[in-house]
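Participant:
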Amino acid sequence: MSSKEQTLSIIKPDAVERNLVDTIQKKFIDEKLKIVKAKKIQISKDEASEFYKVHQTKPFFDRLCSYLSSGPIVVMILEGNNAIAQNRLIMGSTDPKNADDGTLRKMYGLSIDKNTVHGSDSIENAKKEIDFFFKDNI
Ligand code: IDP
Ligand code: MG
Numbered sequence: 005m006s007s008k009e010q011t012l013s014i015i016k017p018d019a020v021e022r023n024l025v026d027t028i029q030k031k032f033i034d035e036k037l038k039i040v041k042a043k044k045i046q047i048s049k050d051e052a053s054e055f056y057k058v059h060q061t062k063p064f065f066d067r068l069c070s071y072l073s074s075g076p077i078v079v080m081i082l083e084g085n086n087a088i089a090q091n092r093l094i095m096g097s098t099d100p101k102n103a104d105d106g107t108l109r110k111m112y113g114l115s116i117d118k119n120t121v122h123g124s125d126s127i128e129n130a131k132k133e134i135d136f137f138f139k140d141n142i
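In terms of my numbering, the sequence shown opens at residue 5 and continues consecutively.
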């Protein structure tokens, strides 16, 4: 079964800083995910805390929010068949050490913190996360 979905992808500060935006976007396109919208922004730590609030009780929460707000990021709406799961396959495991060969996190991830990309994990969260960054339709 396949269904057309949208998911939110973020190219995190470590990858923007290393000029990997075009390379990562090409990978999504090659893997049949369409980039419907994309923008380069920098968010505040408060905005990062709101975005990652599902993780607010985790020991790494403060570091995670500091990191996501530490430099420019590229946020994108990706669209395609089973886009949510497909994007997570392209990304690979959260910890680059455990990610499969050929995945973005294996190829470019530096650590579990600086793991290059974010991707929504469910239809419900994809909707929320797309709304978080694109609710004004810009
Ligand atoms: P995901 O990004 O693969 O969906 P999540 O569990 O949603 O992983 O965690 C969000 C982010 O928090 C991860 O991408 C990673 O950067 C960071 N993170 C997750 N688990 C840990 C951990 O155990 N230590 C430090 N950072 C973590
Ligand atoms: Mg997650």
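Even glycine gets a Cβ: it sits at the ideal position worked out from N, Cα and C.
Model, not experiment: these values are computed from the prediction.
#1: Mind reading off the beta-carbon distance from Gly84 to Leu37? Whole number of angstroms is fine, and I expect it under 8 Å.
#2: Count the other C-beta atoms from every protein chain shown that fall within 10 angstroms of the C-beta of Gly106, then say buried if there are 16 or more, exposed otherwise.
#3: Just the C-alpha distance for Phe64 and Ile116, rounded to the nearest angstrom, thanks.
#4: So what does DSSP say about Gln90, is it helix, strand or coil?
#5: For Phe136, collect the residues of the same chain with a Cβ closer than 7 Å to its Cβ; drop the 5 residues on either side in sequence, then sort them by chain order.
#6: To the nearest angstrom, report how far apart Met99 and Arg109 are at their CA atoms.
#7: Could you tell me the boundaries of the alpha helix (DSSP H) in which Val25 lies?
#8: Tell me, which residues are paired with Thr11 by DSSP?
#9: Is any heavy atom of the ligand IDP found at a distance shorter than 7 Å from the C-beta of Asp117?
#10: Taking all protein chains shown into account, decide if Glu133 is buried (16 or more other Cβ within 10 angstroms of its Cβ) or exposed.
#11: Do you know whose CA, among Val40, Ser48, Ser97, Glu9, lies nearest Lys118's CA?
Facilitator: Let me lay it out:
#1: The residue labelled residue 84 in the question sits at position 80 within the sequence shown. The residue labelled residue 37 in the question sits at position 33 within the sequence shown. Confirmed, Cβ separation roughly 4 Å.
#2: Along the sequence shown, one-based indexing puts residue 106 at 102. By the neighbour-count rule (16 or more Cβ atoms within 10 Å), Gly106 is not buried but exposed.
#3: Counting from 1 along the sequence shown, the entry for residue 64 is found at position 60. Counting from 1 along the sequence shown, the entry for residue 116 is found at position 112. Phe64 and Ile116: Cα-Cα distance of roughly 10 Å.
#4: Residue mapping note: residue 90 aligns to position 86 of the sequence shown, counting from 1. Of the three classes helix, strand and coil, the one that applies to Gln90 here is helix, per DSSP.
#5: Reading the sequence shown from its first residue, position 132 is the one you call residue 136. For Phe136, where only same-chain residues beyond five positions count, the Cβ hits under 7 Å are Phe55.
#6: Position 95 of the sequence shown, counting from 1, holds the residue named residue 99. Position 105 of the sequence shown, counting from 1, holds the residue named residue 109. The sequence given here places Asp at residue 99; Met does not occur at that position. CA-to-CA, the gap between Asp99 and Arg109 works out to about 8 Å.
#7: Taking the first residue of the sequence shown as 1, we reach residue 25 at position 21. Its alpha helix (DSSP H) spans residues 25-34.
#8: In the sequence shown, residue 11 corresponds to position 7, counting from 1. Answer is Leu82.
#9: Counting from 1 along the sequence shown, the entry for residue 117 is found at position 113. Asp117 Cβ: within cutoff of the ligand IDP.
#10: Locating residue 133 in the sequence shown gives position 129, counting from the first residue. Flag for Glu133 reads buried.
#11: Your numbering for residue 118 matches position 114 in the sequence shown. Among Val40, Ser48, Ser97, Glu9, the Cα nearest to that of Lys118 is on Ser97.
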